[in-house]
Amino acid sequence: MMNKRMLPAAVGVVLAAGVSVAAADVSLFGHIDASVLGLDQDGGTDDINFRCTTCSIGFKGSEDLGNGLKAIFMLDWQYDIFNRNQASSGTNSLLDRDQWVGLSSEALGKLRVGTISTGYKSHGAMIDPLYRTALQGRDRGLQSALHSGAGEELQGRATNTFRFDSADYSGIKLVAHYTLDSNEGDGEDSNPYGIGASYENGGMLVFADWENNDQSGPAMKAGWKAGGKYTMGMFGVMGQYEHVDDSSTWNDDVTIWHLAGTVSLLGFDAYLGYGKGDNDDNGADYTAWTLAVSHNFSKNTMVYVGHSQVDCDAGTAGAALSACSGVPTGRGEDDMTAFGIKHKF
């Protein structure tokens, strides 16, 4: 972890290394999403406040090694422009995001090692036009918890991990990750893994993913999904179906699906998504929907406004996605209205 005083020093090191980094083609990149939220949770939070959704800054680069081979790397950190960490802990620490090094081949693909988003998470992001905003599907009932968090137990960002992405073979791409257990004293020696495939052609994308935490009995966790999107002119449709089996945390089998559509007209993009989660063991379920309108001032700057609701039944709090965890009783509605601006650089 890196505190806020260390970031200027890191930037200074890169800039001071001018000649060296030029040969390695290093660039600075980042993401800022600032929004005003109105929250209304039955039995829970009722508030209007700011949120910085996965705001981040980092460095990435490559070095041409010849014969179609490149060395590649990324160092990415998350921060909060509203200093919410400052209020709770007295610090505004930077949090580690994807941080890896690897090799890329034009003919074969790329192999990376470090902390890396899984293919399961990456494919989910490709069908969410509100990804990395306050209304992103993984936070609002449309995608499971396997798209979120960081760690060695099938979180969306896998630590201590190898990831391989194949080259593009006529629109077909393969992805796989393998995680090494970093703690020999935790009572288990499992190495989680996952595989996936996608096909993209014109306005069509389809994908499928499967992952397993390499454990059995009460510690087992696994998930699979299939989904995609299709865009034709001003219209788009997208969705996915997931089945999550998690004995380690939720002690249940959960299915999560969503369908969504987009319409682009007069410079504005409208999005409507509807989803449902069912606990196959205890019958508890929830429904979720999100309606939003966005406008892109440029390819890097977007403003958006929208409303999202998750209607929770008893027993769903803490289940395969955490959308109902803010409702203390596990029963009732979780409503969010958001107005935000998102900028990438």
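So for the sequence shown, our numbering puts the first residue at 1180; every next one is plus one. Each residue gets a CB set at the ideal place from its N, CA and C atoms; glycine is no exception.
**OP:** Can you grab the Cα-Cα spacing for the pair Gly1350 / Lys1523, in whole Å?
**Re:** One-based indexing of the sequence shown puts residue 1350 at position 171. One-based indexing of the sequence shown puts residue 1523 at position 344. So the alpha carbons of these two residues sit roughly 27 Å apart.
Subject >> Check whether Val1205 and Gly1247 have beta carbons under 8 Å apart >> reply: Within the sequence shown, the letter at position 26 stands for residue 1205. Within the sequence shown, the letter at position 68 stands for residue 1247. If you check the CB distance, Val1205 and Gly1247 do not come in under 8 Å.
Subject >> Sub-8 Å separation of Val1442 and Phe1414 beta-carbons >> reply: Sequence index remark: in the sequence shown, residue 1442 carries index 263 (1-based). Sequence index remark: in the sequence shown, residue 1414 carries index 235 (1-based). Yes, the Cβ-Cβ distance between Val1442 and Phe1414 is below 8 Å.
**OP:** Since I believe Ala1337 is in contact with Ile1295 (beta carbons under 8 Å), could you give me their beta-carbon distance rounded to a whole number of angstroms?
**Re:** In the sequence shown, the residue the question calls residue 1295 occupies position 116. In the sequence shown, the residue the question calls residue 1337 occupies position 158. Correct: roughly 6 Å between the Cβ atoms.
**OP:** Find the nearest neighbour of Val1423 within the set Ile1520, Ile1435, Arg1319, judged by alpha-carbon distance.
**Re:** Here residue 1423 corresponds to residue number 244 of the sequence shown, with the count starting at 1. The candidate whose alpha carbon is nearest that of Val1423 is Ile1435.
Original post:
Expressed to the nearest angstrom, what Euclidean distance is found between the alpha-carbon atoms of Lys1300 and Glu1512?
Top reply: In the sequence shown, the residue the question calls residue 1300 occupies position 121. In the sequence shown, the residue the question calls residue 1512 occupies position 333. When only Cα atoms are considered, Lys1300 and Glu1512 end up about 26 Å apart.
Original post:
Does the region 1401-1408 come within contact of the region 1303-1315, defined as at least 3 CB pairs closer than 8 Å?
Top reply: A contact is defined here as three or more CB-CB pairs under 8 Å, and the region 1401-1408 meets this definition with respect to the region 1303-1315.
**OP:** For Thr1491, write down the residues that DSSP places opposite it in a beta bridge.
**Re:** By one-based count along the sequence shown, residue 1491 stands at place 312. One point to set straight first is that residue 1491 is Cys, not Thr, in the sequence displayed. BP columns for Cys1491 point to Tyr1465, Gly1511.
Subject >> Euclidean distance between Cα positions of Leu1445 and His1486 >> reply: Counting from one through the sequence shown, the residue named residue 1445 turns up at place 266. Counting from one through the sequence shown, the residue named residue 1486 turns up at place 307. Their Cα atoms are separated by approximately 21 Å.
**OP:** Go to Ala1531, then tell me how far its beta strand (DSSP E) extends in each direction, as first and last residue.
**Re:** There is simply no residue 1531 to check, as the chain begins at 1180 and stops at 1524 in what is shown.
**OP:** Determine the burial state of Ile1227: buried for a count of at least 16 other Cβ atoms within 10 Å of its Cβ, exposed for fewer.
**Re:** Taking the sequence shown and counting its residues from 1, the one referred to as residue 1227 is at position 48. Ile1227 should be labelled exposed.
Original post:
Does DSSP put Tyr1299 in a helix, a strand or coil?
Top reply: Numbered from 1 along the sequence shown, position 120 holds the residue referred to as residue 1299. Note: Tyr1299 maps to helix in three-state DSSP.
**OP:** Report buried or exposed for Ala1266, applying the criterion of at least 16 other Cβ atoms within 10 angstroms of its Cβ.
**Re:** Along the sequence shown, read from residue 1 onward, the residue named residue 1266 stands at position 87. Note that Ala1266 scores 47 on pLDDT, short of 50, meaning its location in the model is unreliable; the coordinates nonetheless yield the value given after this. Result: exposed.
Subject >> Opposing strand residues paired with Asp1399 [DSSP bridges] >> reply: To locate residue 1399, count along the sequence shown from 1; it is residue 220. According to the sequence displayed, residue 1399 carries Met and not Asp. According to DSSP, Met1399 bridges with nothing at all.
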